[in-house]
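Q:
Number of protein chains: 2
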Amino acid sequence: MFSKVLVSDDLGSINKGVLTVLETLAVEEFQQVQYCDDAYIKIKRGIHDNEPFQLLITDLSFKADHREQKFNSGEELIKQLRIENPELKIIVYSVEDRLQKVRSLMRNQKVNAYVCKGRRGLIELANAIHEVYNNGTFLSPQIEQALHPKAELEIEDYDIELIHHMANGLSQDEISHVFKNKNISPSSLSSIEKRLNKLRIQFKANNAIHLVAIVKDLGLI
Amino acid sequence: MFSKVLVSDDLGSINKGVLTVLETLAVEEFQQVQYCDDAYIKIKRGIHDNEPFQLLITDLSFKADHREQKFNSGEELIKQLRIENPELKIIVYSVEDRLQKVRSLMRNQKVNAYVCKGRRGLIELANAIHEVYNNGTFLSPQIEQALHPKAELEIEDYDIELIHHMANGLSQDEISHVFKNKNISPSSLSSIEKRLNKLRIQFKANNAIHLVAIVKDLGLI
DNA sequence: ATTTTTCTTACGGTAATCCGTAAGAGAAAG
DNA sequence: CTTTCTCTTACGGATTACCGTAAGAAAAAT
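Chains as they are written, first to last, in my numbering: chain A, 14 to 234; chain B, 14 to 234.
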């Protein structure tokens with residue numbers, strides 16, 4: 014497990030919870046700060062003293078107050094640290110769940126994990142620390158599926174069922190009724206047409222027959 | 014084995030051979046007639062005497078002579094017997110090998126077996142008697158394949174290629190052009206539609222997609 | 001709260017398939 | 001040789017699939 018961890022969050026109360034998690038995980042030494050600039054200074058000092066921090070757990074938004082700051086957000090801090098200390102592992106612990114921000118942090122800044130503050134936030138944070146310690150990455154479930162929607166070449170369960178019905182001889186109109194009865198959305202004939210059109214493009218099929226044949230050959234149905 | 018059998022054939026010589034077969038098969042009691050009317054009378058009398066015939070082996074064509082007959086052919090006799098005595102088993106033993114007649118007799122009159130007089134006629138007759146005794150049916154080989162040409166689950170090369178093109182995304186119209194270019198007959202769009210319709214019925218498919226899926230599952234393409 | 005984007009649905013037109021009928025060509029039966 | 005049957009082909013309609021457009025609903029971003 015990590016032996017030296019820094020926690021950066023402007024809300025002291027939430028910070029306490031994080032420290033409790035670190036205690037539970039048997040982290041030897043951990044410190045906390047409430048300003049991004051303080052985090053930057055502590056990290057630099059650790060390197061200078063030859064006792065560097067191995068992990069930073071940080072929030073993204075920090076309320077501005079009377080103290081003038083060099084870094085006004087966790088994002089700016091991360092950006093700088095990634096340039097100067099790429100070996101430092103970073104976990105973002107934030108209420109922010111906007112997909113673009115998460116996507117940007119994961120791809121551009123190579124953040125090691127992104128945990129959403131929430132009901133299960135601390136549990137997920139513990140998992141994230143474990144994953145990152147083992148050189149893995151972690152994403153809270155609610156953003157994980159949103160982040161990799163189409164990057165994956167995989168095919169959704171909905172599509173599987175749709176093609177399955179086609180292969181079983183149902184017309185698109187009949188499938189529409191089946192989906193309506195089973196409360197599966199989307200269920201309109203138009204939506205089914207559109208979905209099949211996407212699948213045809215995805216699998217380079219000329220028509221529905223070709224699509225079913227290809228998908229059967231791939232063993233997806 | 015049958016215990017009471019009636020043989021009806023206007024040619025005494027062939028009749029003898031049939032009787033020899035019955036002897037070989039250890040049939041207890043068998044009688045022979047040379048007129049359809051006589052056959053009808055004997056069958057009725059057997060029922061009346063509570064000792065009914067279990068099997069009738071009959072020819073189809075009977076030469077007309079001085080005696081005026083109620084039944085002028087084996088076919089008429091069979092038709093009447095099927096109405097009045099559906100439990101009586103009937104084997105047709107005839108030189109007739111026209112497919113339509115055989116098909117009609119097997120399907121409409123529910124004849125239990127059809128054996129063609131020929132070089133192996135008596136051997137086949139013995140097999141037929143065995144099969145019918147075990148509640149089966151029998152057809153001489155030369156008409157069997159002609160009678161069930163497409164009822165069989167087999168499928169022609171033409172159909173394979175046709176469905177293959179379908180699975181590869183070609184439209185029926187495109188397949189028509191392909192067949193025209195390759196001098197494969199039939200090649201018209203109408204014929205392709207008809208063939209696909211037969212295949213759909215044969216494989217109990219709702220539409221072309223269903224057909225391709227079924228045939229792929231069967232491993233035929 | 002408002003705007004933007006995405007998803008779902010509806011509609012219309014064109015193409016393809018499905019289905020019955022019918023005429024002509026070729027094969028088989030009388 | 002004539003008739004009958006089968007096969008092939010053509011045609012018209014009904015149904016379904018295909019494709020673009022657009023309006024409304026839902027979700028995301030500001």
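Quick reminder that beta carbons are idealized off the backbone N, C-alpha and C, glycines included.
1. Can you give the Cα-Cα distance for B/Glu165 and A/Phe151, rounded to whole angstroms?
2. Should A/Ile173 be labelled buried (16 or more other beta-carbon atoms within 10 Å of its own) or exposed?
3. Run through the DSSP bridge pairs and tell me what A/Ala126 is partnered with.
4. Taking buried to mean at least 16 other C-beta atoms within 10 Å of its own C-beta, is B/Pro162 buried or exposed?
5. By the 8 Å beta-carbon criterion, what residues does the segment 173-205 of chain B contribute toward chain A?
6. From what residue to what residue does the beta strand (DSSP E) around B/Lys17 run?
7. Could you tell me the alpha carbon to alpha carbon distance between A/Phe75 and A/Val115, rounded to whole angstroms?
8. Just checking: is the beta-carbon of B/Ile214 within a distance shorter than 8 Å of some beta-carbon in chain A?
9. Am I right that B/Ile142 and B/Ile104 are in contact with their C-beta atoms under 8 Å? What's the rounded C-beta distance?
10. Would you say the segment 28-36 of chain B touches the segment 207-222 of chain A, given that touching needs at least three Cβ pairs under 8 Å?
11. Along the chain, where does the beta strand (DSSP E) that runs through A/Gln44 open and close?
12. Can you name the start and end residues of the alpha helix (DSSP H) that B/Ile56 belongs to?
13. Enumerate in chain order the residues of its own chain whose CB-to-CB distance from A/Ser86 is below 8 Å, with the five nearest sequence positions on each side excluded.
14. Enumerate in chain order the residues of its own chain whose CB-to-CB distance from B/Leu135 is below 8 Å, with the five nearest sequence positions on each side excluded.
15. With DSSP as the reference, label B/Ile142 as helix, strand or coil.
16. Output needed for B/Ala218: all residues of its chain with C-beta closer than 7 Å, excluding positions within five of it in sequence on either side, in chain order.
17. When you compare the CB of A/Ala139 with every CB in chain B, is at least one pair closer than 8 Å?
18. Any Cβ of chain A within less than 8 Å of the Cβ of B/Asn210?
19. Mind listing the chain A neighbours of B/Asn219? Cutoff is C-beta to C-beta under 7 Å, in chain order.
A: On the basis of the data shown:
1. Low confidence applies here, because B/Glu165 scores a pLDDT of 42, under 50, leaving its location unreliable; read the following figure in that light. One C-alpha to the other measures close to 59 Å.
2. By the 10 Å Cβ count, A/Ile173 comes out exposed.
3. For A/Ala126, DSSP records a beta bridge to A/Ile104 and A/Phe151.
4. Unreliable placement is indicated for B/Pro162, whose pLDDT of 45 sits below 50; no coordinate value is reported for it.
5. If the cut-off is 8 Å between Cβ atoms, the segment 173-205 of chain B has Met179, Ala180, Asn181, Gly182, Leu183 and Ser184 near chain A.
6. Where B/Lys17 is concerned, the enclosing beta strand (DSSP E) stretches over Lys17 to Ser21.
7. Roughly 17 Å separates the two Cα atoms.
8. No, no contact with chain A.
9. The Cβ separation is near 7 Å, so the contact holds.
10. Look at the beta carbons and you see the segment 28-36 of chain B not touching the segment 207-222 of chain A: under three pairs across the two are nearer than 8 Å.
11. Taken as a continuous stretch (DSSP letters only), the beta strand (DSSP E) holding A/Gln44 covers Glu42 to Val46.
12. Looking at the DSSP string, the run of the alpha helix (DSSP H) that includes B/Ile56 is Cys49 to His61.
13. Answer for A/Ser86: Cys49, Leu73, Ser74 and Phe75, listed in chain order.
14. For B/Leu135, where only same-chain residues beyond five positions count, the Cβ hits under 8 Å are Gly30, Val31, Thr33 and Val34.
15. In the structure shown, B/Ile142 falls within a helical segment according to DSSP collapsed to helix, strand and coil.
16. Excluding residues within five positions, the ones whose Cβ falls inside 7 Å are Leu224 and Ile227.
17. For A/Ala139, the answer is no, since every Cβ of chain B falls outside 8 Å of its Cβ.
18. With 8 Å as the cut-off, B/Asn210 does not count as an interface residue toward chain A.
19. Simply Gly182.
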